[in-house]
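Peer 1: Below are the structure tokens for one structure; questions will follow.
Residue numbers (our numbering): 28 to 327.
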């Protein structure tokens with residue numbers, strides 16, 4: 028029965044494409060999983076199916092079938108940095124594919140994330156779980172460290188040409204200039220005699236993603252000040268071994284630090300982001316090096 032349905036679907040797809048219904052080609056692969064799940068017994072299904080937020084827009088067709096048979100299909104979030112924020116000339120809110128979401132169940136960090144997603148899926152159910160350990164190796168703190176630890180989390184910028192190909196007249200907030208200024212400002216106010224500065228880049232990238240000239244500038248800026256942490260290390264693991272956490276707006280590690288009771292901020296080196304507690308999840312947003320210095324002194 029399954030083979031018969033797949034063969035019929037194939038000829039329907041060919042016919043649809045021939046009369047201009049090109050989307051039949053995309054749906055054919057989906058139809059295979061849909062036919063499969065429609066034919067197997069309920070005993071062969073899992074109770075829960077989990078999807079993470081890297082693929083949040085499209086809910087596969089087969090998931091509707093397993094929901095009919097009593098299984099739960101759940102979208103969970105390992106990140107909270109999902110809302111476009113306003114700065115400089117950028118004033119347009121962008122929701123990307125959020126408006127086409129049709130998920131019925133969500134796992135979220137907090138009430139702020141729930142409120143944001145509920146405008147797109149108002150009838151869905153939400154469960155707040157705090158931060159979520161998604162992946163990464165465990166950070167092991169060296170036993171001979173006698174300094175306090177300040178962990179810094181940036182967001183890796185993309186080549187200007189890549190941004191232009193996506194339709195940006197100028198790079199958005201996560202630009203090379205803002206990245207360098209972010210790291211430089213932090214290095215200027217922290218006394219490395221008393222503090223160990225751990226810098227965890229967001230991901231491994233090559234010259235196709237960022238320019239070699241930027242990588243060289245970043246290396247020269249950080250080599251004698253920051254201890255670079257392997258990007259594969261779990262952000263949550265590093266946070267728990269820190270005394271202070273500073274992130275670029277609005278990356279999740281600072282929110283994780285707030286949840287576990289570690290002082291944390293979002294640092295806006297450009298000084299142009301409007302303060303908004305909804306998007307920052309009640310983590311302070313510090314703008315400019317003078318505010319950053321004042322906040323650090325207040326901790327002491």
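No residue lacks a Cβ here, since even glycine has one placed at the ideal position from N, Cα and C. No experiment lies behind these values; they were computed from the predicted model shown.
#1: Pick helix, strand or coil for residue 72, following the three-state DSSP scheme.
#2: So what's residue 62 in DSSP terms, helix, strand or just coil?
#3: Okay, do the stretch 189–209 and the stretch 234–248 touch, 3+ Cβ pairs below 8 Å being the bar?
#4: Note down, one range per segment and in chain order, each alpha helix (DSSP H) of at least 4 residues found wholly within the stretch 126–182.
#5: Output needed for residue 69: all residues of its chain with C-beta closer than 7 Å, excluding positions within five of it in sequence on either side, in chain order.
#6: What span of residues does the alpha helix (DSSP H) with residue 221 cover, start to end?
#7: Give me the residue from 100, 296, 170 and 306 with the minimum Cα distance to residue 106.
#8: Can you find at least 3 beta carbon pairs, one from the stretch 70–90 and one from the stretch 127–145, that sit closer than 8 Å?
#9: Flag this pair as touching only if the stretch 226–244 and the stretch 131–142 have three or more C-beta atom pairs under 8 Å; answer yes or no.
#10: Reducing DSSP to helix, strand and coil, say where residue 101 ends up.
#11: Within the continuous beta strand (DSSP E) that includes residue 314, where are the two ends?
Peer 2: Let's see:
#1: coil
#2: helix
#3: yes
#4: 138–145
#5: 96 and 97
#6: Element bounds for residue 221: n/a, residue is neither H nor E.
#7: 306
#8: yes
#9: no
#10: strand
#11: 312–314
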